[in-house]
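Trainee: Protein chains in written order, with the working numbering: chain A, 1 to 337; chain B, 338 to 560; chain C, 561 to 726. We put the beta carbon where it would ideally sit given N, CA and C, even for glycine.
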C-alpha cells in the first residue's frame with residue numbers, strides 16, 4: 001500500500017465511519033424494535049438518551065461521508081505522478097479493478113448520506129421524535145453500503161502497485177474505444193447533448209420554482225432532480241469538458257479538478273451534488289408534512305430545500321454557460337467526437 | 338397540573354455503587370397551590386424537585402406538565418419549557434460574581450431575545466417590589482444574605498414563570514427573613530402561581546399558606 | 561516562368577531580402593517557450609510538466625502545437641483534422657522532437673526512434689528520439705529496445721502496438 005498522506009486520510013475516514021455506523025446500527029435495531037414513546041419503561045428512557053448521542057455521532061459521520069467523496073477524488077488526483085500513463089484521477093482510478101467501483105459506490109453513498117442528514121434535521125425539529133423509526137430504518141439500509149464501500153476502498157488502495165501502466169484519460173474517455181462506459185458517454189454527440197441538457201435543466205428549474213411558489217409537485221421535482229443529476233454528469237463528459245479544456249477530443253471529467261483549470265471541477269461537482277441531495281430531500285420529507293409535531297416547521301423547511309436545490313442547479317448552469325461562451329472552442333455541427 | 342407516574346431515579350446503574358434515589362413515585366401537584374416536600378436528608382427531595390423542574394430526567398416513569406409529556410422531550414424543547422415555565426430559587430443565592438445585580442437578574446431572559454430596554458424595565462420593577470432597587474448597580478459581593486436571596490428571587494421571576502421551585506430557600510436565612518420569604522410566597526399564590534418547596538424547616542412546612550405537605554422517606558412517598 | 565523585376569522596386573530589394581531572411585530564420589528557431597497553459601491536443605496533458613519529452617509541430621500558417629511525447633505527435637499527424645478541426649497534415653512545416661540523451665530539440669524527419677524499450681514516457685510506451693544512429697544504438701542495447709526506425713517508417717499500426725503493450 002502506498003503510504004501517501006491522502007491515502008491514510010481516506011482509510012482512516014472510511015474505518016472510523018464504518019465503525020461508528022456499526023455502533024449506531026446496533027442501537028438502531030434496538031430502537032426499531034422497542035421504541036414506544038408512550039411508555040415510561042427504563043429501556044425507553046435509555047433509548048431516548050441514546051438516540052441523542054447517536055444522532056449527533058451519525059450527523060458527523062455522514063458529514064464526513066460527504067467530504068470523503070471529494071477527498072477520494074483528490075487522492076486519486078494527487079497520486080497520478082506515481083503511475084505511468086496517468087495524468088489525472090481517471091488514470092489513477094484505473095490502476096486496479098476497484099478504483100471505479102469504489103467511486104460509483106461513494107457517489108451513491110453521498111446521496112444516501114445527504115438524505116439521512118435531511119431526515120435527521122427534520123426529526124430534530126419535532127418534539128416527539130416523529131421520524132425516528134424512518135431514520136434508523138434508512139440507517140440500516142445505508143450501513144451495508146458504507147461497509148461495502150470501505151471494503152472496496154481498502155481493496156483499491158491495498159492492491160495498488162506502482163509499476164502498473166495505466167490508461168490515460170484521453171483513451172478512457174475517447175470515442176475510439178469500443179467498450180467501456182467512458183467511451184459511450186464520450187461518443188454522445190456534443191451539440192444535440194447540449195440542447196438536451198439545457199432543455200432538461202429548464203424543465204427541472206421550472207418545476208422547482210413552481211413547487212417553491214405553489215407547494216405542489218414536490219415528488220416531481222425530486223425525480224427531476226435525480227434525472228438532472230445524471231444528465232449533468234453525462235453532459236460533463238459529453239460536451240462541457242470540451243469547452244473547459246478547449247480541446248475537441250478531451251472528454252475526461254477528472255482533469256477539470258486540476259490546479260491548471262483553477263480547480264473548477266470541485267466547484268462544479270459541489271454545486272451538482274448539493275443540488276441533487278437537496279432536491280431528493282424534498283421528495284424524502286414530503287410524506288411527513290402532516291405529522292403533528294412537524295406541522296409548523298416542515299413545509300417551510302421543504303420549500304427552503306427546494307429553493308436551495310434550484311439555486312445550486314442554476315449556479316451550475318451559469319458556470320457551465322460561462323465556460324461555453326468564453327471558451328475558444330467552437331463545436332460545429334459536423335464534428336462528432 | 339404536574340403529574341409524576343411511576344418515577345424512578347437510579348444513579349450509577351449497573352455499578353456496585355448503584356443508588357436508588359427515587360422508587361416508584363406517584364405524585365400529583367395541584368395548580369395554584371403551595372406544596373412542600375418534606376423529609377430527612379437523603380430522602381430524595383432535591384432529586385424529585387429537579388425532575389419536576391425539568392432539570393434532570395428519571396430513569397423510568399413519566400412526568401406530565403399541564404397534560405404535556407416532558408420526560409421524552411429532546412433537549413432543545415426541554416430547555417425552552419424550563420426557561421418559560423419555571424423559576425428556580427436555590428439554597429444558596431447562586432448569583433454570578435463580577436457582574437451587577439441587575440445583570441444577574443436579567444440573565445435568564447437573554448436566550449428569549451427580548452428587547453433590552455423592555456427587559457431592564459421588568460427587572461427594575463421586580464427589584465422595586467422586593468425593595469432592593471437601590472442595589473441594582475451594585476456588585477453581588479456587597480449584598481447581605483437577605484438581599485442576595487431577594488435578588489435571586491427577582492431573577493427567578495424575570496421570565497414570569499407559572500411555577501416556582503424553591504430548594505431549601507430558608508436554609509441560610511434568619512427567622513425574620515424566613516417570615517419575609519413566606520410572605521413573598523403568599524404573594525405568588527395570590528398571583529395564581531404554583532409553588533413547590535423542599536424544606537425541613539418547620540417554619541415553612543407548618544405555615545398556614547401551605548396547601549399540602551408531601552412526606553418523603555428513602556425515595557418513596559409516605560402515605 | 562520568367563519574372564520581370566520592375567526597376568521601381570530595385571532599391572527596396574536589399575531591405576526585402578533582409579526582412580524575408582529574418583522572418584524565415586526566426587521560424588527556423590525551435591526555441592519557442594512552452595507556456596504553462598500549453599496542452600497536448602491529443603491527450604490534453606500539460607506539456608510544461610514533461611520538458612524532456614516535448615515534441616513540436618509548426619504549421620505553415622504559424623500555428624504550433626506541443627506534445628508530451630513523440631507518440632502523441634505522430635497521432636496528431638495521422639489524424640490531424642480529428643484533434644485540430646480545420647487543420648491538415650499537408651500544412652505541416654516543421655516537426656521537432658527532444659533527443660533523449662541531449663535533451664534538446666532536433667528535427668524529427670532526420671531523427672532515429674527506438675521502439676520497444678523499457679523506458680516509459682508520460683504516455684506509457686514511447687518512441688525514444690535520438691539525433692544520430694550511434695546514440696540510438698547505445699540506448700537500444702542499454703534498455704532492451706527492439707528496433708530503430710526513421711520518421712518515414714512510422715505507421716499508425718506501430719503507434720497502436722505501443723499503446724496496447726502492457
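1) Roughly how many whole angstroms lie between the Cα atoms of residue 320 of chain A and residue 194 of chain A?
2) Let me see if you follow: with CB-CB separation under 9 angstroms, is residue 688 of chain C close to chain E or not?
3) Taking 6 angstroms as the limit between beta carbons, can you name the residues of its chain near residue 494 of chain B, skipping five residues before and five after?
4) Going by CA-CA distance only, name the one from B:432, B:431, B:359, B:428 that's closest to residue 398 of chain B.
5) For residue 610 of chain C, does the count of other Cβ atoms within 10 angstroms reach 16, so buried, or fall short, so exposed?
6) State whether the stretch 138-149 of chain A contacts the stretch 15-25 of chain A, with contact taken as three or more CB pairs (one from each stretch) at a distance under 8 angstroms.
7) Looking at C-alpha atoms only, which residue of C:695, C:705, C:693, C:631 is the closest neighbour of residue 686 of chain C?
8) With the cut-off set at 9 angstroms, would you say residue 268 of chain A and residue 240 of chain A are in Cβ contact?
9) Is residue 56 of chain A near the ligand PLP, with its Cβ less than 8 angstroms from a heavy atom?
10) Residue 461 of chain B and residue 439 of chain B: beta carbons closer than 9 angstroms?
11) Check whether the Cβ of residue 684 of chain C lies closer than 9 angstroms to any Cβ atom in chain A.
12) Short of 8 angstroms in beta carbon distance, which residues of its chain neighbour residue 378 of chain B, apart from the five on each side in sequence? Order them along the chain.
13) Using a C-beta to C-beta distance shorter than 8 angstroms, which residues of chain A count as neighbours of residue 643 of chain C?
14) Going straight from the alpha carbon of residue 184 of chain A to that of residue 102 of chain A, what length do you get?
15) In three-state terms, what does DSSP make of residue 389 of chain B?
16) Along the stretch 348-374 of chain B, what residues have a CB closer than 7 angstroms to any CB found in chain A?
17) Taking the alpha carbon of residue 618 of chain C as the reference point, which residue from C:603, C:608, C:572, C:637 has its own alpha carbon closest?
18) So, is the C-beta of residue 329 of chain A closer than 9 angstroms to a C-beta in chain B?
19) Identify every residue that forms a DSSP beta bridge with residue 688 of chain C.
20) Which value, in whole angstroms, describes the spacing of the CA atoms of residue 110 of chain A and residue 69 of chain A?
21) Give me the DSSP bridge partner(s) of residue 425 of chain B.
22) What's the C-alpha gap between residue 474 of chain B and residue 430 of chain B?
23) Measure the alpha-carbon distance for residue 583 of chain C versus residue 308 of chain A and round it to whole angstroms.
24) Which class does residue 584 of chain C belong to by DSSP, given the choice of helix, strand or coil?
25) For residue 680 of chain C, go through chain A and note every residue whose CB falls closer than 9 angstroms to its CB, in chain order.
26) Let me confirm a value: residue 305 of chain A is counted as buried when at least 16 other C-beta atoms fall within 10 Å, else exposed. Which label applies?
27) Excluding the 5 residues flanking residue 387 of chain B on each side, which residues of the same chain have their C-beta closer than 8 angstroms to its C-beta?
28) Quick one: what's residue 357 of chain B bridged to in DSSP?
29) With a 10 Å radius around its C-beta and 16 neighbouring C-beta atoms as the bar for buried, classify residue 553 of chain B as buried or exposed.
30) Quick check on DSSP: helix, strand or coil for residue 536 of chain B?
31) Please list, in chain order, all residues of the same chain as residue 693 of chain C whose beta carbon is under 6 angstroms from its beta carbon, the five residues on each side excluded.
32) Is it buried or exposed for residue 333 of chain A, if we count other Cβ within 10 angstroms and need 16 for buried?
33) I'd like to know whether the C-beta atoms of residue 574 of chain C and residue 248 of chain A end up nearer to each other than 9 angstroms.
34) With DSSP as the reference, identify every bridge partner of residue 37 of chain A, one or two as the case may be.
35) For residue 302 of chain A versus residue 285 of chain A, is the C-beta spacing smaller than 9 angstroms?
36) Write down the C-beta distance between residue 372 of chain B and residue 521 of chain B rounded to the nearest angstrom, noting that I regard them as a contact closer than 8 angstroms.
Mentor: On the basis of the coordinates in this document:
1) Taking the CA atoms as reference points, residue 320 of chain A sits about 11 angstroms from residue 194 of chain A.
2) Protein chains A, B and C are contained in the structure displayed, whereas chain E is not.
3) Correct list, in chain order: 424, 463.
4) Minimum Cα distance to residue 398 of chain B is reached at B:359.
5) Buried, because 16 or more other Cβ atoms sit within 10 Å of the Cβ of residue 610 of chain C.
6) Cβ pair count under 8 angstroms is three or more, so yes.
7) If we check each option's Cα against that of residue 686 of chain C, C:631 comes out closest.
8) Cβ atoms of residue 268 of chain A and residue 240 of chain A: closer than 9 angstroms.
9) With respect to small molecules bound, the structure shown includes none, and the ligand PLP cannot be examined in it.
10) Cβ distance < 9 angstroms, so residue 461 of chain B and residue 439 of chain B count as in contact.
11) Answer yes: the Cβ-Cβ gap between residue 684 of chain C and chain A drops below 9 angstroms somewhere.
12) For residue 378 of chain B, where only same-chain residues beyond five positions count, the Cβ hits under 8 angstroms are 537.
13) Residues of chain A passing the Cβ test: 247, 248, 249.
14) So the two alpha carbons sit approximately 20 angstroms from each other.
15) The three-state reading of DSSP puts residue 389 of chain B in helix, counting H, G and I together.
16) In summary, no residue of the stretch 348-374 of chain B has a CB separated from any CB of chain A by less than 7 angstroms.
17) Relative to the Cα of residue 618 of chain C, the nearest Cα in the group C:603, C:608, C:572, C:637 belongs to C:637.
18) Taking Cβ atoms only, chain B never reaches closer than 9 angstroms to residue 329 of chain A, which makes this a no.
19) BP columns for residue 688 of chain C point to C:674.
20) Between the alpha carbons of residue 110 of chain A and residue 69 of chain A lies a distance of about 7 angstroms.
21) Partner(s): B:502.
22) The alpha-carbon atoms of residue 474 of chain B and residue 430 of chain B are separated by roughly 17 angstroms.
23) Confidence is the limiting factor: at residue 583 of chain C the pLDDT is only 49, short of 50, which leaves the residue's position unreliable, though a coordinate-based value still follows. Each residue's Cα considered, the two are about 59 angstroms apart.
24) Residue placement at residue 584 of chain C is poorly supported in this model, since its pLDDT is 47, which falls under 50; the coordinates still yield a value, given next. Here residue 584 of chain C sits in helix by DSSP.
25) Ordered by position in chain A, the residues that pass the 9 angstroms Cβ test against residue 680 of chain C are 84, 85, 165.
26) With 16 or more other CB atoms across the displayed protein chains lying within 10 angstroms of its CB, residue 305 of chain A is buried.
27) Sequence-distant partners of residue 387 of chain B (beyond 5 residues in either direction) whose C-beta falls short of 8 angstroms from its own C-beta, in its chain, are 393.
28) Answer is B:347, bridged to residue 357 of chain B.
29) Residue 553 of chain B is buried by the Cβ-count criterion.
30) Residue state, collapsed to three classes: coil.
31) Listed in chain order, the non-local C-beta contacts of residue 693 of chain C below 6 angstroms within the same chain comprise 672, local neighbours out to five positions each way being set aside.
32) With a pLDDT of 49 at residue 333 of chain A, under the threshold of 50, the modelled position of this residue cannot be trusted; read the value that follows with caution. Only exposed fits residue 333 of chain A, as fewer than 16 other CB atoms lie within 10 angstroms of its CB.
33) Going by beta carbons, residue 574 of chain C and residue 248 of chain A fall outside the 9 angstroms limit.
34) None; residue 37 of chain A has no bridge partner.
35) For residue 302 of chain A and residue 285 of chain A, yes; Cβs fall inside 9 angstroms.
36) About 16 angstroms separates the beta carbon of residue 372 of chain B from that of residue 521 of chain B, a gap too long to meet the 8 angstroms contact definition.
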